[in-house]
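Asks: First the structure, then my questions, so here it is.
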Amino acid sequence: MQKHIGAGRRSLRRRFGRTAATLSLLTLVACTSAQAPATLSDAGNLGEVTVATWNMCGVRQWGCEGTGSPKDKFEQLRTLAGEFGVRVVLLQEVCSDDLLSSARRLGTEWHSVFEPYANVDGAGRGTPVDCTGQGKGRAGYGLLAASRLTDVELVPTAQPTVGLHRGILCARVPAQGLRVCNAHISLRESDGKHPEWDFRDDQLSSLVATAATDARTVFGGDFNTPPPVGKGNKSAWIWPAEAYTTYRECDQKGDSRVGRPTHQDGSKIDYLFTLLPRTACKVVDTKASDHRPLVMRVNRPAAGPTVPAPGVSTSG
Numbered sequence: 002m003q004k005h006i007g008a009g010r011r012s013l014r015r016r017f018g019r020t021a022a023t024l025s026l027l028t029l030v031a032c033t034s035a036q037a038p039a040t041l042s043d044a045g046n047l048g049e050v051t052v053a054t055w056n057m058c059g060v061r062q063w064g065c066e067g068t069g070s071p072k073d074k075f076e077q078l079r080t081l082a083g084e085f086g087v088r089v090v091l092l093q094e095v096c097s098d099d100l101l102s103s104a105r106r107l108g109t110e111w112h113s114v115f116e117p118y119a120n121v122d123g124a125g126r127g128t129p130v131d132c133t134g135q136g137k138g139r140a141g142y143g144l145l146a147a148s149r150l151t152d153v154e155l156v157p158t159a160q161p162t163v164g165l166h167r168g169i170l171c172a173r174v175p176a177q178g179l180r181v182c183n184a185h186i187s188l189r190e191s192d193g194k195h196p197e198w199d200f201r202d203d204q205l206s207s208l209v210a211t212a213a214t215d216a217r218t219v220f221g222g223d224f225n226t227p228p229p230v231g232k233g234n235k236s237a238w239i240w241p242a243e244a245y246t247t248y249r250e251c252d253q254k255g256d257s258r259v260g261r262p263t264h265q266d267g268s269k270i271d272y273l274f275t276l277l278p279r280t281a282c283k284v285v286d287t288k289a290s291d292h293r294p295l296v297m298r299v300n301r302p303a304a305g306p307t308v309p310a311p312g313v314s315t316s317g
C-alpha cells in the first residue's frame, strides 16, 4: 500500500479513545500460558509460527547514520528468517525500496506491504518522508512475510494535527492462519501545534480494539513508551488494561510487565501481544539498528473463519 492516511481529527480521539474498555479474560485467554515462554533456540515445528517486530532504523537522517548499511540490515532480516525461523516481520523505519529488495532477496515466497510516513503541516497537507543516504525510497513501516499477505488495511486512529504521522497497518497471513497488526505509535509531545496533546492512549486503544475483532491476531511494533510499571512512570496511564490481561506480551512473565530492553538506551519500547499460546520469546542482539528485534513463537491457530476474541467488546 502506498496511499496517504489523512490528517487526524479530534473526533477520532473521542471515537477510538476507549473502544476496548470492557475486555475480559475468557476461554481462549485461559489457554495462554501465564508463565514466560521458553527461550527461542530453534526454528520450531509445524504446529508453531514465529513472528518478529523490528525498528530497522533505516531512515538515516533520524539519527541512524551509525546503525549499519542497508546490507547490514538485510543480513539481520536473513538471520531472523534463517536462524530463528521467523515467517512474519513487523517493520518500522524502513525504506520502501529496501523493503522490496529484501523481499526479493529472501526468496520468491516472500511478500511485503508498505505504508509511508507523512509530515503534515498546519493546513493538513501531508508530505511523504524520503530516505536519505544509502537508504532508498520513502520512509515508512510495513510487513514482510514468507507467504502471501491479504486484506491489508490501515487502522484509523488519532494523529498529530501538525507533525509526523505514523500509523497502524494490518494484514492477514493465510498460510500461517494469522492476522498481524504493525503499529508505530507517536512520540509524546509530537504535535507541533498542541504539544500538550498525547495521542498514544488513543492509538493503543485503536490497536487493541482492532485486534479484538479476530482472536488469531498478533499485534505489536514500536510503541515509543515503556511498559506500565514503576512509580515514576508518567506514561503508564496510556495503556489499555487489556494489553496485559486479556492479551499477553511476548516477554511477559506472569503478572510482571517489565520485559527485557529492546532499545540501546536500556528501555523496552518494542512489543508483541497475542491471545495465542506463546511458546518462546527472544530479544535478538544486533548492530544493525538502535532497536533489537523481538521474536515470539506461538502455537499455530486452527484454520477457519474469522473469530472475534471471546467476550471482547469492539463497539465504541
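What the sequence shown shows, in the working numbering, is residues 2 to 317, in sequence order.
By construction, the Cβ of each residue, glycine as well, lies at the ideal position given by its N, Cα and C atoms.
Look at the alpha carbon of residue 17 and the alpha carbon of residue 159, and state the distance between them as a whole number of angstroms.
Replies: In this prediction, residue 17 scores a pLDDT of 33, lower than 50, which makes its location untrustworthy; the coordinate-derived value is nonetheless stated afterwards. Using only the alpha carbons, I get a separation of about 8 Å.
Asks: Starting from the Cα of residue 112, find the closest Cα among 63, 84, 176 and give me that residue.
Replies: Among 63, 84, 176, the Cα nearest to that of residue 112 is on 176.
Asks: Compare the Cα-Cα distances from residue 236 to each of 263, 121, 202, 197 and report the closest residue.
Replies: Nearest of 263, 121, 202, 197 to residue 236, Cα basis: 202.
Asks: Short check: CB of residue 287 to CB of residue 93, under 8 Å?
Replies: It is not a contact, given that the beta carbons lie outside the stated cut-off.
Asks: Can you have a look at residue 183 and say buried or exposed, based on whether 16 or more other CB atoms are within 10 angstroms of its CB?
Replies: It counts as buried.
Asks: Applying the 10 Å Cβ sphere with the 16-neighbour rule, what's the burial state of residue 140?
Replies: Answer is buried; the Cβ neighbour count reaches 16.
Asks: So residue 248 and residue 274 are in contact, right, with Cβ under 8 Å, and what is the actual spacing, rounded?
Replies: Rounded, the Cβ-Cβ distance is 4 Å, consistent with contact.
Asks: Is it the case that the Cβ atoms of residue 95 and residue 51 are separated by a distance below 8 Å?
Replies: No, the pair does not count as a contact, with Cβ atoms beyond the cut-off.
Asks: Among the residues of its own chain, which have a CB less than 6 Å from the CB of residue 147, if the five just before and after it don't count?
Replies: 88, 110, 111.
Asks: What ranges does the beta strand (DSSP E) occupy inside the stretch 73-148, keeping only unbroken runs of at least 3 residues that lie completely in it?
Replies: Segments of the beta strand (DSSP E) lying fully in the stretch 73-148: 87-96, 112-117, 119-121, 127-129, 140-146.
Asks: Just verifying my parser: in three-state terms, what is the DSSP assignment at residue 208?
Replies: If DSSP states are grouped into helix, strand and coil, residue 208 belongs with the helices.
Asks: Using DSSP with H/G/I as helix, E/B as strand and the rest coil, what is residue 250?
Replies: If DSSP states are grouped into helix, strand and coil, residue 250 belongs with the strands.
Asks: Looking at residue 299: is its Cβ nearer than 8 Å to the Cβ of residue 279?
Replies: Yes.
Asks: Who are the near neighbours of residue 105 in its chain, counting only those whose CB is closer than 8 Å to its CB and skipping five residues on each side?
Replies: So the list reads 111, once near-sequence residues are dropped.
Asks: How would you call residue 207, buried or exposed, if buried means at least 16 neighbouring beta carbons within 10 angstroms?
Replies: Buried, by the Cβ-count rule.
Asks: Between the C-alpha atoms of residue 144 and residue 56, what's the straight-line distance to the nearest angstrom?
Replies: Straight-line Cα distance between these residues: approximately 12 Å.
Asks: Within the stretch 141-202, note down every full beta strand (DSSP E) run reaching 3 residues or more, in order along the chain.
Replies: Qualifying beta strand (DSSP E) stretches, in chain order: 151-155, 164-166, 168-174, 179-185.
Asks: Ordered along the chain, which non-local residues of its own chain (more than five positions away) have a Cβ less than 6 Å from that of residue 198?
Replies: Excluding residues within five positions, the ones whose Cβ falls inside 6 Å are 192.
Asks: Look at residue 107 and residue 82 and say whether their C-beta atoms are less than 8 Å apart.
Replies: The answer is yes: Cβ separation under 8 Å.
Asks: State the DSSP-derived secondary structure class of residue 63, mapped to helix, strand or coil.
Replies: If DSSP states are grouped into helix, strand and coil, residue 63 belongs with the helices.
Asks: For residue 245, which of 238, 234, 257 has the nearest alpha-carbon?
Replies: The option with the nearest alpha carbon to residue 245 is 257.
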